[in-house]
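Engineer: Chains as they are written, first to last, in the numbering used here: chain E, 6 to 1171; chain G, 21 to 156.
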Amino acid sequence: MKRIFITICLVVFGALSGALVAQITLDVHNESIRNVLPRIEQQTDWHFFYNSSLDGLDKTVTISMQNVTLEQALSRVFAGSGIDYKLADNHVIVLTAQPKQSATRTISGTVLDSNTNEPVIGASVIIRGTTQGTITDYDGQFVLENVSTGQYIECAYLGYETQDIRVTVNSDSYKVFMKESTAELDEVVVVGYGAQKKVNLTGAVSVVDQKDIVGRPTPNMVTALQGADPALNITMSAGGPGASYNYNIRGLASINNSSTTKPLVLVDGVEMDLSRVNSNDIESVSILKDASASAIYGSKAAAGVILVTTKSGSEGKAPQVTVDAKAGWKSPTTEHDFITQGFWSAYISDIFMMQHTKTAMTTYSDADYAELWMRLNDVTENPERPWTVVQNDGSYKYYANFDWYNHYYKTIRPMQDYNVSLKGGNEKVNYFVSARYYTEDGMIRIDNDKWHQISTRAKVNVNIQPWMHYGVNFSFFSSRYTYPGTTSSREIFRVGSLHAMAYIPATNPDGSAVYLNPWIYSGQGTVGDGVNALLLYGKHKNLNINREMVMQHMLTFDLAKNLTLNADYSLTWRMKEISNRSVKVPYSAKEGTTDLIENFRSVDTYHQQLARYMTHNYNVYFRWSPTWDKHHLTLTAGYNGEMYRYHSLEAERMDLMTENLSSFNFAKGEVTDLSESIKTVATNGFFGRLNYDWNGRYLFEVSVRADASSRFAPGYRWAVTPGGSVGWRMSEEPFWESIHDWWDNAKLRISAGQLANQMTGYYDYIQSVDADGMFTQAITLDGATVLSYATESDPNAGTLTWEKMTTYDAGLDLGFLGNRLSFTGDLYIRNTEGMLNTGTALPSVYGAADPKQNSANMSTKGWEFAITWRDKHRVAGKDLSYEISGGVGNYKTFITKYNNPEKLLSTYYEGQELGELWGYEIDGLFADQKEVDEYLTKVDPVNSMVYTDIVGVLDSKAPGLHPGDVRYVDLNGDGVITSGNNTVDNPGDRKIIGNTLPKYNYNFHLNAEWYGVDLSIYFQGIGRRDWYPMTEATTFWGPYSRPYQGFMAKDFMQNVWSEDNPDAYFPRYRAYEALGSANSLGPTNNRYTLNVGYLRLKNVTIGYTLPCWKNVFSDFRIYFSAENPWCWSGLQKYCRSIDPEQAVVSSQAITYGFARSFTFGLTATF
Amino acid sequence: MKKLSFLLLLSVLALTACTDKTSVPLPTFSAIRVSPEQAVYHVGDSVVCTIDMLTPGDASLKAATYWFYTSWWGSDPNLTADFQTPETVDGVSRFTSSKIELARAGEVRIYFWGRLEYPNWDFQPIQIPVSVKVEP
């Protein structure tokens, strides 16, 4: 059906210039130009003057354009018609025929700001459809040669809307008025209970760009957000699917419950777990960093707030389907080039062990070593030289070259990610619906672990009445993780490598599992502590299921002009199901025999936990935002309530009737666990916020919230937290006019606010009775009958109340050169007071632990800034737009009050910098016996804490200090190396040698787009973070920790001291030196403290939007994306098998390996 | 053509530069002599093998272990490496095996093995085989 719709909106600023700024909307389908002209006349005060027989008037046109100037509209209408036009002074448009022949000529012009009439310097001026162009000079002027009449000149400059002018026959000189783009000025940032223009923000709020998150090949939003802002610190607990994570804004907000005192994450106003949010649904992410911005959220916002807004439908949009599909693979971020030659694995463990206790680890003879040597390069078994030799008694003896790492783990594993969304709407209803399926194979090769994840979202907004709006937002998440092994998948990584040396294969020739026999460490060592055998048996099954459903209903009433009332209710329901099945595991020590492993991993048992979480959340608030002349006011006030209930049921029973089915119905043995846990919390809060600005120049904000929490005793439940901020946009002052052409924006922000933290225990103020001990510590009187009993907790202080955080922030936002260059920076101080801590010490006659009190304080000082440069250039006739940005932040936290008058180093003390690392000083390795002898005249190693093992194990091959041993410095000169009284005043020979908290969190991005090709490069890193590898960091210490540790780098011995290698990193070889604090490498020291700061190429994505199939797809893009493809860290110099992020998860660095991913994908919109 | 040759030379140089580090000069040995020397042996025959060290190799050698071995000992727990130290015969370091009973028919092999230990954990192998035809 032929449809014509013309809307004209004309805004007149001046008599003639009105045409240049008129707002015209045309929607014309196959109409003749003759018929279109009256439509324009009807809507403007311009009239056409032309000869009715003019050629071209009957040409039909199809035009759809909105809010364009009259000149732009006319250019489109007459394009290709052969008609020329001229705007006369008396609002008459004269139409004439274009000359048949148009010779090229030179034109000139000036590009001006339409508001200020100031010249626009550096604007690109291009002849459309060609590569011919220039840029404007200091006066905004340009000259173009070889221009033909009828050609179009495009003028573009960042921060302005692109303008087109048509070269007419009558003019060789043009003035182009560039209209400032309002996109940046109108950019809105989601803040607590509302949104604000970014330019009017007075709090410290940063926005994560949607394009930095969407489409990344990550399972969830957490890893996508890592490094997105210098203030946001995210640490993954492991690299596996569904790994938990820890995060904070500007460092720890409290020394208590660091796992729960986390920033509040609100997704469309509802608290959610970031790992369950589909990053493809994200519209924007706001990070509220200071107390003034967060204050309106009160009790849960003590550590800051992350506001996630998901996409919505749009009015007047036809249904739009977007499909995004990507598939690829994951691989470890680290190298695993471990020793796989049996000879070397046996040899190294033996020489290390011989230096410790004279007895070799393997007890292999010279003949056995000859057997290993002859097989040295046999990657697979040579029939002449089998890896397993059956002895005369039937036992197995091993001479293998076995690759244990690749036996346990996959280095290439597939992943797939599919997203589909639908959005659209009209004036009554708009909607957004999405679904996602994500799956990846885990890294455990045997009985491969698998992760499946489904998430959906449906968001519908209905305008029930012009004054009443209803919205519903439903989301559902489900994940399922199946994995083999024991309850903790970490166990595989921890013990799987122990005694799993390369000379021992995983299986015997008959396929049975290798675990224990007389030839493996003389029958003392168990291969992989049974992990190998239980994986091969394949009957240990574990299942983790998490489901989360959020249903949110929202009502908005437009009560009067600028006055709205909002009410919403959300229900969050979560379910967690964990089930673990283990069985008795067989192995074979002799040919033809089968035995069962006798340890806690080989038990026939079934365990299940079912937990439900239910949260009801209510919000009722109004917003009044009147404007009087240049005064703008917004008042927000309301109520927020929340009720939370947790219910968990856990059971475990032994001896099932079958290994293949797991149900309590089959379990007939002892009930080893049957427990229930119920926790409830309720909070009520009233909040208010007042925003005022005068002409966008002077900005004020004040907010207050009063919260009550059931976590505290009556009388201590309420906390009132105020916040306030001011801003001054200096660039809006009249005196700024003279520099406004290059310095566009300058805003000073100052804020102060207080927040309260309720994240103590659920019932810390109540003395509790615990009956769960019956299972964990059975008590009997007759040795058989388990008694029923309960224990009473230590008395609590009933006066416990909120921890309070007061934050002061000063920030500066700057914009230069048409806002192409922008800067934002903040300095802040956050004081946390009343942290729960053991209070005043009570006399021992009290008979219980000293109750906790709100008695500790700490203070954090920090800074962060970000710089962005964005611009657009004309390259080969196409716009090249690019953006380069970077940010860095740092903070220091000091304990300012703590009940530790003796300043014991075993706990916090006043003046302590959080994260500080105390350790001994090592000034090198003893080069020769002379140095040892000289040292022994000054230091007594027998009474030193750090040489206990070296001088104490007298049956070792070489007891006492020797060349190659580490030389500890006697800092206090007392002749022994000790920790003194373990106090600040007497730390012995220790000093502060580093800090374990991340310093200088930084990132930088490059985004560019040209000719349909888009490129995104995103680096992220930490400048410094000190890590001391503790005793079980076995892949770092190798045999210095445990001489039977299977994963050892092939070049490990190149770093081991010997007379041939005196400058080596590691000392003389000796087993167990890193195991235990009494050994020479056990105590924290400066020599082996490593900087695990890193620079990581977090993501690189290159895509191409295909220009074809436009009649089918509005957008069709193919892309390749790599996540974590490259990383540099100082740690790699000595250990390439530990990821620097993995190192800080635990001092042992044993966890599910971190992964990089590579994916190919396509996005189609139609 | 000159250009092609130049590129070829460059390629060879580049490949040469990428090879593993040059190892220390190893001792060199004669071939294994089997006594009694005959074209065909029979199962149950016994032989003795000798081999001479022609050059001692790099002086930095810290330790060396030498032994004789056969292709059928590998799966037999009772037959182990036949370790030998050299004796000087006519100014030559000579290794002589113990009596080796030919237990398998077919084309069997007798090896002279060595493990040489140089500084900084640089262990180098010596492997010299000889084939012997054994009939049932």
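Ideal Cβ placement from N, Cα and C applies to all residues, glycine included.
Keep in mind the model is a prediction, meaning the values are calculated, not measured.
On the DSSP bridge list, what partners appear for E:Val477?
Structural biologist: In the DSSP output, where bridge partners are listed per residue, E:Val477 has E:Val465, E:His558.
Engineer: Which residues bound the alpha helix (DSSP H) around E:Arg81?
Structural biologist: Taken as a continuous stretch (DSSP letters only), the alpha helix (DSSP H) holding E:Arg81 covers 75–83.
Engineer: Could you name the residues of chain E that G:Ser17 contacts, counting a contact when the two beta carbons are closer than 7 Å?
Structural biologist: Residue 17 of chain G is absent from the structure shown; chain G starts at 21 and stops at 156.
Engineer: Where does E:Leu279 fall in DSSP's three states?
Structural biologist: Helix.
Engineer: Taking E:Asn40 as part of the alpha helix (DSSP H), name the residues at either end of that continuous run.
Structural biologist: Where E:Asn40 is concerned, the enclosing alpha helix (DSSP H) stretches over 38–48.
Engineer: What runs of the beta strand (DSSP E), each 3 residues or longer, lie entirely inside the segment 202–276 of chain E?
Structural biologist: The qualifying runs are 210–213, 237–241, 250–254, 269–272.
Engineer: Spatial neighbours of E:Phe479 within its chain, please: C-beta separation below 6 Å, excluding the five flanking residues on both sides.
Structural biologist: Within the same chain, E:Phe479 has close Cβ partners Ala463, Met556.
Engineer: Taking the Cβ atom as the reference point for each residue, do E:Ala642 and E:Met659 lie within a distance shorter than 8 Å?
Structural biologist: Not a contact, by the Cβ cut-off of 8 Å.
Engineer: Using alpha carbons as the reference points, say which of G:Pro45, G:Tyr131, G:Ser50, G:Pro97 lies closest to G:Ser113.
Structural biologist: Nearest C-alpha to G:Ser113: G:Ser50.
Engineer: Does the segment 706–713 of chain E come close enough to the segment 672–691 of chain E to have 3 or more Cβ pairs within less than 8 Å?
Structural biologist: Touching, per the Cβ criterion.
Engineer: If distances are taken between C-alpha atoms only, which option among E:Pro246, E:Tyr1099, E:Leu615, E:Glu936 comes closest to E:His652?
Structural biologist: Ranking the options by Cα distance to E:His652, first place goes to E:Leu615.
Engineer: Between E:Thr811, E:Asn859, E:Leu822, E:Asp50, which lies nearest to E:Leu5 when the distance is taken from Cα to Cα?
Structural biologist: With chain E represented from 6 up to 1171, any question about residue 5 of chain E goes unanswered, as that position is not in the structure.
Engineer: Just the chain G side, please: which residues come within less than 8 Å of E:Asp371 by C-beta, in chain order?
Structural biologist: Within chain G, the residues near E:Asp371 are Thr85, Ala101, Phe103.
Engineer: Between the alpha carbons of G:Thr42 and G:Tyr89, how many angstroms are there, rounded?
Structural biologist: Confidence at G:Thr42 is low in this model, with a pLDDT of 47, below 50, so its placement is unreliable and the value that follows should be read with caution. Between G:Thr42 and G:Tyr89, the C-alpha separation is close to 28 Å.
Engineer: What's the C-alpha gap between E:Val26 and E:Val99?
Structural biologist: Any reading at E:Val26 must be qualified, since the residue scores a pLDDT of 46, below 50, and its modelled position is unreliable; no value is offered.
Engineer: Exposed or buried, what is E:Asp342 when buried is set at 16 or more other beta-carbons lying within 10 Å of its beta-carbon?
Structural biologist: Counting Cβ neighbours within 10 Å, E:Asp342 comes out exposed, since fewer than 16 surround it.
Engineer: Report the option in E:Thr1039, E:Leu1095, E:Val1105 whose CA atom is closest to the CA atom of E:Thr1001.
Structural biologist: Closest option to E:Thr1001, Cα to Cα, is E:Leu1095.
Engineer: Give me the Cβ distance between E:Val425 and E:Ala405, rounded to the nearest whole Å; I'm assuming they're in contact under 8 Å.
Structural biologist: So it is not a contact: roughly 50 Å between Cβ atoms.
Engineer: Secondary structure at E:Lys184, three-state DSSP: helix, strand or coil?
Structural biologist: Coil, per DSSP.
Engineer: As a quick exercise: from G:Tyr86, G:Val109, G:Gln144, G:Gly126, pick the residue whose alpha carbon is nearest that of G:Ser118.
Structural biologist: It is G:Tyr86.
Engineer: Determine the burial state of E:Gly430: buried for a count of at least 16 other Cβ atoms within 10 Å of its Cβ, exposed for fewer.
Structural biologist: Buried: at least 16 other Cβ atoms inside 10 Å.
Engineer: How long is the line joining the alpha carbons of E:Ala932 and E:Gly969, rounded to whole angstroms?
Structural biologist: Near 6 Å, if we compare the C-alpha coordinates of E:Gly969 and E:Ala932.
Engineer: Between which residues of its own chain and E:Met366 is the CB-CB distance below 7 Å, once the five residues before and five after are set aside?
Structural biologist: These residues qualify, in order along the chain: Ser354, Asp355, Met358, Tyr526, Pro1048, Tyr1049.
Engineer: With E:Met379 as the anchor, note down where its alpha helix (DSSP H) starts and where it stops.
Structural biologist: Run containing E:Met379: 371–379, per the alpha helix (DSSP H) assignment.
Engineer: Determine the contact status of E:Phe899 and E:Met863, defining contact as a CB-CB distance below 8 Å.
Structural biologist: Yes.
Engineer: E:Asn629 by DSSP, collapsed to three states: which one?
Structural biologist: Before going further, note that residue 629 of chain E is Trp rather than Asn in the sequence given. Looking at E:Trp629 - three-state DSSP - the assignment turns out to be strand.
Engineer: Could you pull out every residue in the same chain whose Cβ sits closer than 6 Å to the Cβ of E:Asn549, ignoring the five residues on either side in sequence?
Structural biologist: If we look at E:Asn549 and ignore the five residues flanking it on each side, its Cβ neighbours are Tyr486, Ile583.
Engineer: If the criterion is Cβ atoms closer than 8 Å, does the pair E:Asn904 and E:Pro856 meet it?
Structural biologist: Their beta carbons are not under 8 Å apart, which means E:Asn904 does not touch E:Pro856 by this criterion.
Engineer: Check the Cβ of E:Asn1066 against every Cβ in chain G and list those closer than 7 Å, keeping chain order.
Structural biologist: Simply Asn140.
Engineer: Is the distance from the Cβ of E:Ile927 to the Cβ of E:Asn1091 below 8 Å?
Structural biologist: In contact: E:Ile927 and E:Asn1091 (Cβ atoms closer than 8 Å).
Engineer: Please check if any C-beta of chain E sits within less than 8 Å of the C-beta of G:Ser151.
Structural biologist: So, not an interface residue.
Engineer: Does the beta carbon of E:Lys809 come closer than 8 Å to any beta carbon on chain G?
Structural biologist: No, E:Lys809 lies away from the interface with chain G (no Cβ there is under 8 Å from its Cβ).
Engineer: Using a Cβ distance threshold of 8 Å, determine whether the segment 206–222 of chain E contacts the segment 724–736 of chain E, with at least three qualifying pairs required.
Structural biologist: Yes: at least three Cβ pairs fall under 8 Å.
Engineer: Write down the C-beta distance between E:Asn387 and E:Ser484 rounded to the nearest angstrom, noting that I regard them as a contact closer than 8 Å.
Structural biologist: Wrong, their Cβ atoms sit about 46 Å apart, outside the cutoff.
Engineer: Give the interface partners of G:Ser91 over in chain E, defined as CB-CB distance under 8 Å, in chain order.
Structural biologist: Near G:Ser91 (Cβ distances below 8 Å), the residues of chain E are Glu389.
Engineer: If I follow the unbroken beta strand (DSSP E) through E:Gln421, where does it start and stop?
Structural biologist: Note, E:Gln421: beta strand (DSSP E), 418–430.
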